[in-house]
Structures are given as C-alpha cells and as structure tokens.
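> My questions will all concern the structure given below.
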Amino acid sequence: MAKQASLMFYYVFTIFIITTSVLCGASTEEKKVHIVYMGSLPKGQYSPLSRHRSMLRQTVQLDSSVETSYIRSYTRSFNGFVAKLTDSEKQRLSNMEGVISIFPRKTLQLQTTRSWDFIGLQESATRNAQAESDIIIGVLDTGIWPELESFNDKGFGPPPSKWKGVCEGGLNFTCNNKIIGARYYGGSRPNSTQSARDGDDGHGSHTASIAAGNRVNNVSFFGLAQGTARGGVPSARIATYRICQPDGCPNEDILAAFDDAIADGVDIISISVGGVEATDFFEDTIAIGAFHAMQKGIVTSHSAGNHGPSYGSTVSVAPWLISVAASHTDRLFIDKVVLGDGRTLVGKSINSFASPATRFPLLHGKEVSSQCSENNSMYCNKGCLDKKLVKGKYVLCKSNSGDFEAFAAGAVGAIVRNEPYMDYSDVVALPAVLLSAKEHDLVLSYVNSTKNPQASILKSETIKDAEAPTIASFSSRGPNFVTPDIIKPDLSAPGVEILAAYSPLDTISFTFDDPRRVHYTLLSGTSMACPHVSAAAAYVKTFHPDWSPSAIKSALMTTALPMSDAKSLGGEFAYGSGQINPVAAVRPGLVYEALKEDYIIMLCNIGYDAKKLQALSGDTNTTCPKLPVTASPKDLNYPSMAAEVFPAKPFNVTFHRTVTNVGLATSSYKAKIVTNSKVNIKVEPEVLTFKSLNEKKSFVVSVSGSGLPVKSRLSASLVWSDGTYSVRSPIVLHT
27 MAKQASLMFY YVFTIFIITT SVLCGASTEE KKVHIVYMGS LPKGQYSPLS
77 RHRSMLRQTV QLDSSVETSY IRSYTRSFNG FVAKLTDSEK QRLSNMEGVI
127 SIFPRKTLQL QTTRSWDFIG LQESATRNAQ AESDIIIGVL DTGIWPELES
177 FNDKGFGPPP SKWKGVCEGG LNFTCNNKII GARYYGGSRP NSTQSARDGD
227 DGHGSHTASI AAGNRVNNVS FFGLAQGTAR GGVPSARIAT YRICQPDGCP
277 NEDILAAFDD AIADGVDIIS ISVGGVEATD FFEDTIAIGA FHAMQKGIVT
327 SHSAGNHGPS YGSTVSVAPW LISVAASHTD RLFIDKVVLG DGRTLVGKSI
377 NSFASPATRF PLLHGKEVSS QCSENNSMYC NKGCLDKKLV KGKYVLCKSN
427 SGDFEAFAAG AVGAIVRNEP YMDYSDVVAL PAVLLSAKEH DLVLSYVNST
477 KNPQASILKS ETIKDAEAPT IASFSSRGPN FVTPDIIKPD LSAPGVEILA
527 AYSPLDTISF TFDDPRRVHY TLLSGTSMAC PHVSAAAAYV KTFHPDWSPS
577 AIKSALMTTA LPMSDAKSLG GEFAYGSGQI NPVAAVRPGL VYEALKEDYI
627 IMLCNIGYDA KKLQALSGDT NTTCPKLPVT ASPKDLNYPS MAAEVFPAKP
677 FNVTFHRTVT NVGLATSSYK AKIVTNSKVN IKVEPEVLTF KSLNEKKSFV
727 VSVSGSGLPV KSRLSASLVW SDGTYSVRSP IVLHT
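The structure is reproduced here in structure tokens:
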C-alpha cells in the first residue's frame, strides 16, 4: 500500500511538474526582436493593430503576454509589426496567412563646393524654381542641425500643400519652411537621443545639404576647397527622419521611417546606411520600404556600401531603388613633406594646419617607444609611443593608423605608410601625411642614414585630377548576389572628399580630443554619393512630375557618362551605367519603364509564391503568369542588361526590352553596339520608328559566345540614337 501511495505521489508530482511547465511556459528559448513583414495594407475594413495583436495572441507562449512581446506596428504605408519572439513562436507566426517574411533586428551602419559643377549641374543650369520648391526630399539618417545656414528658410514660402507630415523633432528642435518635417526613432531604448538634432555625428546634416542645402558663399575647410556650398536642388524642402543613434541604425527604425515618409508625402527618399552583406529582398528593410515607396511614385536612392573593392560586396541590390557607387571628382587633396635633405614627397591627407616655419626632429616609432616590441613600435601600435619621447617631434610609423597614436601621445606630427592603399584623404587631427610604400621607405632610409633627421609637413593643397571620374576603392562592387541578372550598383556619383554642412558639436577627425569644430567639413563614402543621385532624381522630377520612379531612374542611367573599365576595378560592377549627368537626364529621348506589375513578375521568376505576392501588392488578384522555363530577372525591363552564365560553356542569351518615347514625337532610332569583346550581339529590329510621344516599341538583344572563364566579365553597350538623343545601356555577361 505504501508502495502504491509512493507511486501515486510520483505520478501526480510528475504530472504537476509537466503541467506547470506547460502552463508556465518553462521553455528556455530566448526571445529576440523580429520584424514581421506583411506587405501592403489590405483594402476595405481592416485594423492592422487589431490584426497584429490577434496574431500574437495566437502565437506567444503561455508565460508571455501580447504586451510584453509586442513592440510596434507599421500601419501608414504598409503592413507589419515588431515583436519579441522565440524561435518556435517565429515558426508558428510564419505559417499564418498574410505573412511574407520574419527576420531579426539588425543594426545597420552609416555608410559640396565642387561636386555639382563637376557633374555639370552648375548654378546657371536651367531650373524650374517653383517646381523645385514643391519637391520634398526625405533624408533618413542621423538627423540634422537646423540652425546651419544651409537650412535656413529665407525666401521660402509655406510647405507644399501635399505635405502631410509633422515636426516632431524632440528636444530643442524647431522646423522652418526649409526643414518642413522632423521625426526621430528609437527614443525609448537606453542611451538613445530623443531628438532629430544631428548632435553627435554630423552625417545627416552632411547628406541633407548635399541633396538640398541652400547656396552658401565663401565656405571652406580652414581655407581649403573654398567656394560656394550648395545642394543639387537648393530650393527643395527637406524632411528629416533620424533613424540612427550613436550605436547604429536599427532596421525596425528604418522601416518605421519609410512607413512615415511615404505617408507624409515626400517625393524622394535618400538613405545612406547599409549592412555588411546583401540579403533576400523581403528580409531587407530598405528594399521593403523602397518597394512601397515605388508603389506611391517615390524614388529611393541608396548608398551601395563601403566594403569595396571586394567582389560582390554591394549591399544595395533591389531593382526598384537606385544603388549608388562613389566616384572621385577632379579635385584631389594632397599633402607634402619636406625632408631635411631638401627632398619633397607627396602623399595624402586633409591637413588644415599651417605649414611650419621650421623643421622638426623626425624619429622612427621604435626610437620613441619604451614598452613595446620593436615590431609593434615601428607600427606605432596602441600604447607604444612614449609621451615624453615624442614631445616636439614627428613620428614615422609603418601603420596607416599611426597618426592616431601619434596624436594621442602628443607628437607634433606623423608620417605614416599608406598600406593597405587608400585612394582618398581623411581629415587628420595633427599635421600628418600618408605616403606610398615606396616613398615611406625613402623616408625610413633617410632617417636611418642621417644623424639628425628632420622634416616639415606642409598644409594640404588641392590639385586637378585628370583621371576623374574614377570609382573610389572603398565603394562596394557587384555582382549582385541576390539577383545576378541585375547590374548593381546602378550609377556612380561624387563621394570622395565632399565639402558639406556638419554638426558643430561633432569632431572633424577620428577623435573627440581634437578640439576643432566646424559648420562644414569634408567626408568620403557612398553616403556622400547617394544624396547626389537623390538630388539628380529630384531635378529630373521638377521637369517631369508625372514620371514614374523607374522612368526617372532610366533617364539617369541611360544618359550617364561612360566610365573607364581600365581606371575602375570591376567595370560595370563598380560604376553601373556610369557617372550621373543630371542636365542630360532631363531629356533622355527614350526610357525603360518598370511598374509594380513588372516587379511582381520578376519576383515570380525567382520563386516567390502567389500568396506572398498578393500580400505584397495588396491585390488578391495577383497571380504568377505561366512563364517560360528560361524566364529570369534579366527579362525585367531594366535600363541595363546582365546575365550570369556557366563558366567555360557556350552561351546564347536574349534580353527583351521595351522603350517609351519621351523625346521628339516623330523620330527614328538606330541601334549601335559598342564592344571590345569577341562576342556576337544582335538587335532586332535595328531601327525603332516612333510617330507620337509616349509610344512604346519593343526589341530583342541576342548575345552569343564560346564561353567565359570563372569569375570573369564580358562588357558591351547598346546605344539607340536618333541624331538628337543617345540612349545607352550597358550589357554584361558574367560567371
């Protein structure tokens, strides 16, 4: 009997434990923040908030509540929400009706007195001033410093009537008739700034002023690059959306900003942030936001990334946005060092410090170190330089970051080795110059062979770069690993050593110990290139307000200035269709147009099912048409043409395209193929004859050859010309 009672207690206790575990949700699964993307907002009676909470009630473990899991919803421009989910909850939720994708929170990172003149959009260029004043550029970035002269509203009337946004800039932030809207995100998270003010970075003020900053005379960086700073469309309005905090730019905040910007009524979205690798379109918040922007007629311009020159490093790959590479202008910053023996060597840096009247002693890093190995000392590694020994001296370092340590130790200046090689200059916190490996070795030889080596580091100067435009080494390259049949990036624009507005609270170099603060500074990155294209798109839109985003994009791509494969590693995978030419883009002659339905078909081609595409489009009638076996993204009506082929095998590829006449009503265009490759390219028909504006004509391009080596690229271009307009499309086959 005692044994039976004992067994009964065991079973009851075990059942109690199991039941308690179930009821209390004893799962040890960790909850992580995820974004649940559900496409377009359904038409008719639909409450997104109710639906999102209902889905969570059906999903979360019993120890959780909707309130502890739910974070926010996207309800203005598209459908989705953010919640804390375990892996099993994520799995259950992903099987629910209407869910397109669920993906984790990620933190993305931030990726002009001369540049606009260099690309031909001079102050004297023809402008439609009233139309420009009606353009609203939404800048998704680190915020903005509204008191800068680039953003005052002198001469501006009230915001355009289409504007539906607000000024919710937070603490000490006031909008005006130039900055007509402001929002910030992530304010509830620890250490987040509850303001749209660009106080501790400067990046957002810089990008906003490149796109739409006012004309400001006599701007320079301590006397360097003096001239007039202005945006590409200085009469346009700005709406700022602060998506980035000091620790980065969370993807759920990026999506929230897109949700707001689209509903607020912006015309252009400019976003200069990105991750470290390309992802599926519908796990990429920028691709998602840009798709819904495209549906509403909004152009999205996005930086390609700063991970170049690595093969396939671009993070901006969606075909419905413009992906922008960074190029050099013809203004090159250099610096010089004069050795004690009279030799002058030329290197790189933006050194604003006055040239010294005397020379300073020059010592190798290993001579001014008291606590590191010889190897660490010669590189001037962290903590190696002795503050007493470097006082009043220049330090020669083998590392290209040696100037950081020289500044921290209190040296007068630094000569560092530019290796790995950088083809651009950064602002330095002390007199410093980056020399090539060869010239650095010359300095080392001089130091080793001279009893009292000395040098003078001069103030930087600018010279003309006859090789420009070329793509910056840091600019991310293709191919596009998500859809290899779409060339990315699309275009290049100035992104190296760009002078533009800046937060007066932020450091201008690599350390907050640098006491200098300015209103305008020089920065490099695809972040700087992106707003050039944003402004160029806005400029085109002032002349063609009814054009679709793809028509504007086509105009920019087909009128772009060709660039040299020999000068930019990666060719079209570095610069896309070439360098933007905004003035020519106003009159492109022909445009390649792709609308929502075309992108849906492309998504069908790469395997998305009809139910998800119905949710994406917001149309229950959306279906995937019966497609030929050979259908692929290369069939999208894109302004460039690309196809991935098998290595070392004969290929025969066809591209189907349709162009719309936006040039002369009556015109005849002839096809011309430009190529240096041993490949057969045919265009049928070879002549397109138009009898009216907006008339459409289709053609087929066939490319055949004997095979390509592994990881190789074959380039050509198709040019349609009627004697007035030239419409150029790159053609790329790659393995």
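Under our numbering, think of the first position of the sequence shown as 27, with each following residue one higher.
C-beta atoms are modelled at their ideal positions from N, C-alpha and C, and glycine is treated no differently.
#1: Quick one: what does DSSP say V709 is sitting in, helix, strand or coil?
#2: If you reduce the DSSP assignment to three classes, tell me which class E598 lands in.
#3: Determine the extent of the alpha helix (DSSP H) in which C193 is found, giving its start and end residues.
#4: Skipping 5 residues on each side, what residues in its chain have a beta carbon closer than 7 Å to that of I626?
#5: So what's L460 in DSSP terms, helix, strand or just coil?
#6: Which two residues bound the contiguous alpha helix (DSSP H) that contains Y565?
#7: How long is the line joining the alpha carbons of V700 and K132, rounded to whole angstroms?
#8: With a threshold of 7 Å on Cβ separation, who are the neighbours of V612 within its own chain once the five nearest residues in sequence on each side are excluded?
#9: Would you be able to state if there are at least three C-beta pairs under 8 Å between the region 176-192 and the region 302-314?
#10: By DSSP, does T94 sit in helix, in strand, or in coil?
#11: Here's the rule: buried if 16 or more other CB atoms are within 10 angstroms of the residue's CB, otherwise exposed. What is P457?
#12: In whole angstroms, what separates the C-alpha of K424 from that of M404?
#13: So D516 and M583 are in contact, right, with Cβ under 8 Å, and what is the actual spacing, rounded?
#14: Reducing DSSP to helix, strand and coil, say where Q135 ends up.
#15: What number of angstroms, rounded off, separates the C-alpha of M122 from the C-alpha of S114?
#16: Is L484 close to chain B, meaning its C-beta is less than 9 Å from at least one C-beta of that chain?
#17: Label H682 either buried or exposed according to how many other C-beta atoms from any shown protein chain fall within 10 Å of its C-beta, with 16 as the threshold for buried.
#18: For the beta strand (DSSP E) that Y210 lies in, which residues bound it at each end?
#19: CA-CA distance, N706 and S730?
#20: Can you tell me where the alpha helix (DSSP H) with A441 in it begins and where it stops?
#21: In the DSSP assignment, what residue or residues form a beta bridge with Q605?
#22: R357 to G228, Cα distance in whole Å?
#23: Let me know if R754 comes out buried or exposed under the rule of 16 or more other beta-carbons within 10 Å of its beta-carbon.
#24: What are the start and end residues of each continuous alpha helix (DSSP H) run of 4 or more residues lying completely inside the region 335-405, in chain order?
#25: Leaving aside the five residues before and after L629 along the sequence, list all residues of the same chain whose C-beta is less than 8 Å from its C-beta, in chain order.
#26: Using DSSP bridges, identify the partner residues of G274.
#27: Could you tell me whether the region 492-507 touches the region 336-356, where touching means 3 or more Cβ pairs closer than 8 Å?
#28: Express the C-alpha separation of K723 and D273 in angstroms, rounding to a whole number.
#29: Taking the Cβ atom as the reference point for each residue, do L166 and S296 lie within a distance shorter than 9 Å?
#30: Just to confirm before moving on: does the CB-CB distance between V763 and N663 stay below 9 Å?
#31: Does the region 156-175 come close enough to the region 284-303 that 3 or more CB-CB pairs lie under 8 Å?
#32: What residue does the beta strand (DSSP E) around T680 start on, and which one ends it?
#33: Could you tell me whether the region 63-80 touches the region 93-106, using the rule of 3 or more Cβ pairs below 8 Å?
#34: Who are the Cβ neighbours of S261 in its own chain at under 7 Å, not counting the five residues just before and after it?
#35: Please report the Cβ distance between S732 and T715, rounded to the nearest whole angstrom; I am assuming they are in contact, meaning their Cβ atoms lie under 8 Å.
#36: Let me make sure I understand the geometry here. Which of A526, G521, P510 and I441 has the alpha-carbon closest to that of L484?
Taking the coordinates as given:
#1: In the displayed model, V709 falls within a strand according to three-state DSSP.
#2: Helix.
#3: Boundaries for C193: no alpha helix (DSSP H) harbours it, and the DSSP string shows neither H nor E there.
#4: Beyond the five residues adjoining it in sequence on each side, I626 comes within less than 7 Å, by CB distance, of L639, S643 and T648 in the same chain, given in chain order.
#5: Looking at L460 - three-state DSSP - the assignment turns out to be strand.
#6: Unbroken alpha helix (DSSP H) run through Y565: T552 to F569.
#7: So the two alpha carbons sit approximately 43 Å from each other.
#8: V566 and F569.
#9: In short, these stretches do not touch, since the Cβ pair count stays below three.
#10: In this structure, T94 counts as helix in the three-state DSSP scheme.
#11: It is buried - the Cβ of P457 has at least 16 other Cβ atoms within 10 Å.
#12: So the alpha carbons of these two residues sit roughly 6 Å apart.
#13: Approximately 6 Å separates the beta-carbon atoms of D516 and M583; this is inside 8 Å, confirming the contact.
#14: In the structure shown, Q135 sits in a strand (DSSP, three-state: E or B).
#15: M122 and S114: Cα-Cα distance of roughly 13 Å.
#16: Absent from the structure: chain B. Only one protein chain is present.
#17: With fewer than 16 Cβ atoms within 10 Å of its Cβ, H682 is classed as exposed.
#18: Here the beta strand (DSSP E) through Y210 covers I205 to Y210.
#19: Those two C-alpha atoms are separated by around 5 Å.
#20: Note that residue 441 corresponds to Ile in the displayed sequence, not to Ala. DSSP places I441 in no alpha helix (DSSP H) but in the uninterrupted beta strand (DSSP E) bounded by G439 to R443.
#21: Per DSSP, the beta bridge partners of Q605 are S518 and L587.
#22: For R357 and G228, the distance between alpha carbons rounds to 23 Å.
#23: Around the beta carbon of R754, a 10 Å sphere encloses 16 or more other beta carbons of the protein chains shown; the residue is thus reported as buried.
#24: Fully enclosed alpha helix (DSSP H) runs of 4 or longer: 400-404.
#25: Once the five neighbours on either side are set aside, the close Cβ partners of L629 are F307, L639 and L642.
#26: Beta-bridge partners assigned by DSSP to G274: Q271.
#27: In short, these stretches touch, since the Cβ pair count reaches three.
#28: Each residue's Cα considered, the two are about 50 Å apart.
#29: Cβ distance < 9 Å, so L166 and S296 count as in contact.
#30: Because residue 763 is not part of the residues shown, which for the chain are 27 to 761, the question remains open.
#31: Below 8 Å, enough C-beta pairs join the region 284-303 and the region 156-175 to call them touching: three or more.
#32: Looking at the DSSP string, the run of the beta strand (DSSP E) that includes T680 is F677 to N687.
#33: Three or more beta-carbon pairs drawn from the region 63-80 and the region 93-106 are found closer than 8 Å, and the two stretches are therefore classed as touching.
#34: Result list for S261: A155, E158 and S159, in chain order.
#35: Their Cβ separation, rounded to whole angstroms, is 35 Å, which puts S732 and T715 out of contact at 8 Å.
#36: For L484, the nearest C-alpha among the options comes from I441.
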